[in-house]
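A short worksheet on the structure shown next.
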Amino acid sequence: VGGVRIAREDVVKEDDPTNNVPDTIFSKIGLQLHRRDNHPLGILKNTIYDYFDKNFTGQFDKFDDLSPLVSVKQNFDDVLVPADHVSRSYNDTYYVDAQTVLRCHTSAHQAELLRDGHTHFLVTGDVYRRDSIDSTHYPVFHQMEGFRVFSPDEWSGSGMDGTAYAAADLKKTLEGLARHLFGAVEMRWVDTYFPFTNPSFELEIYFQDDWLEVLGCGVTEQEILKRNGRTDHVAWAFGLGLERLAMVLFDIPDIRLFWSNDKRFTSQFSEGKLGVKFKPFSKFPPCYKDMSFWINDEFTENNLCEVVRGIAGDLVEEVKLIDNFTNKKGRTSHCYRIAYRSMERSLTDEEINNLQLNVRETVKNKLKVELR
Ligand code: PHE
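In structure tokens, the structure reads:
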């Protein structure tokens, strides 16, 4: 990664209480799916590169090999994430130690690249977030960050102020990108909040009867430009989730498939071919197992999901809260339904029963909850 190999002991530290990186996460570091030209994520990255090359001849500098191990300062402070923002919590982010995280977004590289003098850049990489489990969420995924700086002479003749000019250019650029990728697709802009942009927007795309958030963007906060040598300039930034877009473009029904080495998956994609529809090699039946327990104050769904993922790996498709009540004594019970399904083969009853037994034991011991 970034020319540097990351060893297990660099990121997994079982007896360090400031570390929460499990082996399942370590095993993904360095795979760099976005750098494989025959992988849907690599094909998508290259197609986005083509758009920027065509429309801004050679102006955008491209980075796709920056190490995912970054400082808390890079990941949060440099992009003005407030000290008490949830994304900083151990429940949401993988910490290697108190000062080091696995980046949770490619925005972690904005400040250093600006400081190095870059004014137009694209950063693609693997990002890491603790999360719940379903067909569109996986604790490792890929983002592309785009960043563009304008100097005052670029907007002075426009009759707009710098912020309005950058916002208009941003929306035009991203709508153009969406058309380059999708042709005709239903999209909508939604106002939102990010600590590092103002105003901030999300672009959503209509997919499988639902609006799917595919990117966040906005006009960069002045403070970031000022701190990094671009006083009096304005800039826009966007961060897009490659899996989300690729699932729509290639009809990939489950995010786990991106990690599959099964030839029946990998052989369906080839360099330069965006949007070839994926043909599922067969849908194996899911198997559902419910488990109920009394939670404690420390319980979080992300912790539960990590335990399940640690045991079942990519055989778990979804973990869903199906019942939640508090009794007269004030104790709260949760019932979760775990869906097991392999993307590649059918699972035997015995195999699933063993997984579920193991999950129950580990949930009890690690999360200190009382099974019912
Ligand atoms: N970093 C944001 C995210 O991960 C996306 C973003 C990037 C938003 C740049 C605005 C500007 O959700």
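Residues 2 to 373 in this note's numbering are what the sequence shown lists, from first letter to last. Just so it is clear, CB atoms sit at the ideal spot from N, CA and C, and this is done for glycine as well.
Check for me: the alpha helix (DSSP H) holding residue i runs from which residue to which?
i, result
"His181", "Gly163 to Phe183"
"Met145", "First-last for Met145: Val141 to Phe151, but that is the beta strand (DSSP E), not the alpha helix (DSSP H)."
"Cys306", "Glu302 to Ala313"
"Val12", "Arg9 to Val12"
"Arg116", "Gln111 to Arg116"
"Asp85", "Neither: Asp85 is in no alpha helix (DSSP H) and is coded neither H nor E."
"Thr25", "Asp24 to Phe27"
From what residue to what residue does the beta strand (DSSP E) around residue i run?
i, result
"Trp260", "Element bounds for Trp260: n/a, residue is neither H nor E."
"Glu318", "Val317 to Thr327"
"Tyr95", "Taken as a continuous stretch (DSSP letters only), Tyr95 belongs to no beta strand (DSSP E), as it is neither H nor E."
"Ala236", "Val235 to Gly242"
"Ile206", "Thr198 to Phe208"
"Val124", "His121 to Tyr129"
"Leu216", "Asp211 to Thr221"
"Lys365", "That residue, Lys365, is in no beta strand (DSSP E); its alpha helix (DSSP H) goes Asp350 to Leu368."
"Leu103", "Thr101 to Leu103"
"Lys63", "Asp62 to Phe64"
Taking a contact to mean a Cβ-Cβ separation below 8 Å, would you say residue i touches residue j in this structure?
i, j, result
"Arg361", "Ser334", "no"
"Asp127", "His138", "no"
"Leu368", "His35", "no"
"Glu155", "Leu123", "no"
"Leu446", "Leu275", "Limits of the chain in this structure are 2 at one end and 373 at the other, which puts residue 446 out of reach."
"Gly177", "Asn355", "no"
"Ala8", "Arg149", "no"
"Leu70", "Leu32", "no"
"Ser72", "Thr101", "yes"
"Phe197", "Val80", "yes"
"Arg346", "Trp295", "no"
"Leu204", "Leu250", "no"
"Tyr337", "Leu322", "yes"
"Gln75", "Ala109", "yes"
"Val215", "Leu246", "yes"
"Gly311", "Thr25", "yes"
"Phe220", "Ala167", "According to the sequence provided, residue 220 is Val. The question's Phe does not apply to it. Cβ distance < 8 Å, so Val220 and Ala167 count as in contact."
"Val309", "Ile353", "no"
"Asp62", "His119", "yes"
"Pro23", "Glu371", "no"
"Gly230", "Leu114", "no"
"His234", "Ser157", "no"
"Glu318", "Ser159", "no"
Residue i: which of the options sits nearest, CA to CA?
i, options, result
"Lys264", "Ile7, Gly31, Gly314 and His40", "His40"
"Gln269", "Lys284, Lys330, Tyr129 and Asp252", "Asp252"
"Cys218", "His234, Gly160, Leu70 and Leu171", "Leu171"
"Arg6", "Leu67, Met248 and Phe294", "Leu67"
"Asp16", "Gly230, Val97 and Glu222", "Val97"
"Asp117", "Leu226, Lys290, Ser343 and Glu299", "Leu226"
"Cys105", "Tyr166, Thr363, Glu222 and Leu241", "Leu241"
"Gly273", "Ser152, Arg37, Ile339 and Ser90", "Arg37"
"Phe300", "Lys63, Tyr52, Asn47 and Tyr91", "Tyr91"
"Leu358", "Arg231, Glu318 and Lys290", "Lys290"
"Ala165", "Phe195, Ser201 and Val141", "Ser201"
"Arg180", "Phe53, Lys63, Gly314 and Phe64", "Phe53"
"Pro281", "Val309, Met248, Ser152 and Asn297", "Met248"
"Met292", "Asp324, Gly184 and Asp135", "Asp324"
"Gln209", "Trp190, Leu182, Gln223 and Asp255", "Asp255"
"Cys288", "Phe326, Thr267 and Ser343", "Ser343"
"Glu78", "Glu224, Gly158, Pro286 and Leu213", "A small correction: the amino acid at residue 78 is Asp; Glu does not occupy that position in the sequence shown. It is Glu224 whose Cα lies nearest to the Cα of Asp78."
"Tyr207", "Thr267, Ala185, Asn199 and Gln60", "Ala185"
"His182", "Asp11, Ser28, Leu42 and Thr48", "The sequence as given places Leu at residue 182; His does not occur at that position. If we check each option's Cα against that of Leu182, Thr48 comes out closest."
"Val141", "Pro153, Glu113 and Phe27", "Phe27"
"Ile30", "Trp260, Glu113 and Ala313", "Trp260"
"Arg89", "Val12, Asp51, Asn366 and Thr19", "Thr19"
"Val364", "Lys173, Ser136, Ala313 and Phe285", "Ala313"
"Asn366", "Arg189, Val12, Asn304 and Trp190", "Asn304"
"Met188", "Lys330, Thr349 and Asp211", "Asp211"
Under the DSSP definition of a beta bridge, which residues are partnered with residue i?
i, result
"His335", "Phe294 and Asn325"
"Lys330", "According to DSSP, Lys330 bridges with nothing at all."
"Thr232", "The partner list for Thr232 (beta bridge, DSSP) is empty, contrary to what the question assumes."
"Trp190", "Leu204"
"Ser72", "Thr101"
"His40", "Paired residues: none, contrary to the question."
"His138", "Asp135"
"Tyr341", "Cys288 and Val317"
"Leu372", "Phe294"
"Phe77", "Phe77 is not bridged to any residue."
"Phe53", "None; Phe53 has no bridge partner."
"Phe1", "Shown here, the chain extends from 2 to 373; a query on residue 1 therefore has no answer."
If we cut at 8 Å on Cβ distances, does residue i have a partner in chain C?
i, result
"Ala112", "Looking at the structure shown, chain C is missing, and only one protein chain is on hand."
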